[in-house]
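Colleague: In my numbering, each number is its position in the sequence shown, counted from 1, plus 209. Using N, Cα and C, we set each Cβ at its ideal position, and we do this for glycine too. Questions regarding the structure given below will be posed in turn.
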Amino acid sequence: MKVVCTESSQILGARIADSLGAGLVDVKFTRFPDGELYLRTGPLDGETVIVGSVTSPEAFVQLVLLVDACDSSWNRLVVPYMGYARQDKRFQPGEPLSARAVAKVLSRGVAELFSVNIHDEGVLCHFEVPAVNLSLATDLGRYIGGMDLEHPLILAPDDGASAFAREVAAAGGWDSDHLDKTRLSGEEVRMAEKTIDASGRDVVIVDDIISTGGTISTAAGLLYQQGAKNVHAACVHGVLAGGAYARLRAAGVRDVACSDTCERGCSRYSAAQAIAAALRSC
Ligand code: R5P
Numbered sequence: 210m211k212v213v214c215t216e217s218s219q220i221l222g223a224r225i226a227d228s229l230g231a232g233l234v235d236v237k238f239t240r241f242p243d244g245e246l247y248l249r250t251g252p253l254d255g256e257t258v259i260v261g262s263v264t265s266p267e268a269f270v271q272l273v274l275l276v277d278a279c280d281s282s283w284n285r286l287v288v289p290y291m292g293y294a295r296q297d298k299r300f301q302p303g304e305p306l307s308a309r310a311v312a313k314v315l316s317r318g319v320a321e322l323f324s325v326n327i328h329d330e331g332v333l334c335h336f337e338v339p340a341v342n343l344s345l346a347t348d349l350g351r352y353i354g355g356m357d358l359e360h361p362l363i364l365a366p367d368d369g370a371s372a373f374a375r376e377v378a379a380a381g382g383w384d385s386d387h388l389d390k391t392r393l394s395g396e397e398v399r400m401a402e403k404t405i406d407a408s409g410r411d412v413v414i415v416d417d418i419i420s421t422g423g424t425i426s427t428a429a430g431l432l433y434q435q436g437a438k439n440v441h442a443a444c445v446h447g448v449l450a451g452g453a454y455a456r457l458r459a460a461g462v463r464d465v466a467c468s469d470t471c472e473r474g475c476s477r478y479s480a481a482q483a484i485a486a487a488l489r490s491c
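Next up, the structure:
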């Protein structure tokens, strides 16, 4: 078995190869003079695991090209961060159901697909091959366990993330709760009061994605008003759009951590073990 990855997942791809004891394929990535993407893989043999997060439109095109270059419908595809999954409904007339459109394209030319904490499991039904969703809740819990916090409160910023927060909290036997969020725009949210008393406590806000940081910076402001000692942020997918890291730190968030599904300077724990284990067992 060999592992081949796009530029967006080169560190995670190498870690998966190490975990599997598999070889890593060298790929040349370049562009045509008009800006179109080009790639050429080194030698492939037998089953190939293709790894690529959809972190941008270009990363998506590169992944589609790589699947085509690998040219075997027996290959397995790992999409650690499935971009476009949040547009999983037609919110306004005339909009695309982007999650479905992307899932259909990614289903072509592979036998099976794996993703990590996909935004909504309902998106899995849009893939046209068997698709498995893995959760890093326990891995994130293990990371938080190493942060040396005193009996932290694990908090989801909305009801949708509360099951994830409970799973993270279970890893360390900590309390968990959630806030009520109303989204006002792409960057602005409104938060309602919560029931658990955060005063004097270390709070870790956990979510599947940090995109603009609007959700967590608003939550942090509310928690500090309630007397929280320290607020930390941790997620699976650190999309970090439009200066989100700085926005969070400026809002008083002590620390921002994400996994390597999006490869960032604050990627502090890895999805590699969970992905390798799933590939071994399927
Ligand atoms: C939304 O449902 C997601 O779970 C995240 O809460 C959201 O994507 C975070 O976005 P932002 O960081 O832009 O507030």
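Quick check for students: name the residue ranges of the beta strand (DSSP E) that lie wholly in the segment 288–370, counting only runs of 3 or more.
Modeller: Runs of the beta strand (DSSP E) inside the segment 288–370: 321–325, 340–343 and 362–365.
Colleague: Taking the alpha-carbon of K237 as reference, which of V287, I363 and Q271 has the nearest alpha-carbon?
Modeller: The candidate whose alpha carbon is nearest that of K237 is Q271.
Colleague: Got a sec, what are the start and stop residues for the beta strand (DSSP E) T391 sits in?
Modeller: Note, T391: beta strand (DSSP E), D389 to R392.
Colleague: By the three-class DSSP mapping on this structure, what secondary structure does S262 have?
Modeller: Residue state, collapsed to three classes: coil.
Colleague: Below 8 Å on the Cβ atoms is my guess for V325 versus T470; work out the distance and round it to an integer in Å.
Modeller: Indeed, because the Cβ distance is near 5 Å, the residues count as touching under 8 Å.
Colleague: I need the DSSP call for I484, collapsed to helix, strand or coil.
Modeller: Looking at I484 - three-state DSSP - the assignment turns out to be helix.
Colleague: Starting from the C-beta of V213, find all residues in its chain whose C-beta is less than 8 Å away, skip the five residues before and the five after it, and write them out in chain order.
Modeller: If we look at V213 and ignore the five residues flanking it on each side, its Cβ neighbours are G222, L233, V234, V236, T250, L253, T257, V258, I259, V260, L275 and C279.
Colleague: Measuring from the CB of I353, is there a heavy atom of the ligand R5P at a distance below 7 Å?
Modeller: Not under cutoff, so the answer is no.
Colleague: Suppose you measure from the CA of A294 to the CA of D357; what does that come to, to the nearest Å?
Modeller: The straight-line gap from Cα to Cα measures roughly 34 Å.
Colleague: Just to confirm, is the Cβ distance from V332 to D297 under 8 Å?
Modeller: In this structure, D297 lies closer than 8 Å to V332 by Cβ.
Colleague: Identify every run of the beta strand (DSSP E) within the segment 426–470, keeping only runs that are complete inside it and at least 3 residues long; order them along the chain.
Modeller: Qualifying beta strand (DSSP E) stretches, in chain order: 439–447 and 465–468.
Colleague: Is D416 near A370, with beta carbons less than 8 Å apart?
Modeller: Yes, the Cβ-Cβ distance between D416 and A370 is below 8 Å.
Colleague: Excluding the five sequence neighbours on either side, which residues of its own chain have a C-beta within less than 8 Å of the C-beta of S282, listed in chain order?
Modeller: Hits under 8 Å: G318, V319 and A320.
Colleague: In chain order, what residues of the same chain have a beta carbon less than 7 Å from the beta carbon of R473, not counting five sequence neighbours either side?
Modeller: Cβ within range, chain order: G447, L449 and C467.
Colleague: Are the beta-carbon atoms of L229 and L488 separated by less than 8 Å?
Modeller: For L229 and L488, yes; Cβs fall inside 8 Å.
Colleague: What three-state label does DSSP hand V415 in the structure shown?
Modeller: Three-state DSSP puts V415 in a strand.
Colleague: Between T424 and the rest of its own chain, which residues show a CB-CB distance below 7 Å, the 5 nearest in sequence each way excluded?
Modeller: Excluding residues within five positions, the ones whose Cβ falls inside 7 Å are P366, K390, V398 and D416.
Colleague: Measuring straight from C-alpha to C-alpha, what distance separates N439 and K211?
Modeller: Their backbone Cα atoms lie some 44 Å apart in a straight line.
Colleague: Could you have a look at A401 and say whether DSSP puts it in helix, strand or coil?
Modeller: DSSP places A401 in strand when its eight states are reduced to three.
Colleague: Helix, strand or coil for F373, going by three-state DSSP, please let me know.
Modeller: DSSP places F373 in helix when its eight states are reduced to three.
Colleague: Report all residues from its chain with a CB closer than 6 Å to the CB of T347; omit the five preceding and five following residues, and keep chain order.
Modeller: Excluding sequence neighbours, T347 sits near A380.
Colleague: At what residues does the beta strand (DSSP E) containing R473 begin and finish?
Modeller: Note, R473: premise wrong, no beta strand (DSSP E); not H, not E.
Colleague: From this set, R458, I484 and A483, which residue's C-alpha is nearest S475's C-alpha?
Modeller: According to the sequence provided, residue 475 is Cys. The question's Ser does not apply to it. When only C-alpha atoms are compared, the closest one is R458.
Colleague: Return the CA-CA distance between R285 and A378, expressed in angstroms with no decimal places.
Modeller: Rounded to the nearest angstrom, the two C-alpha atoms are 32 Å apart.
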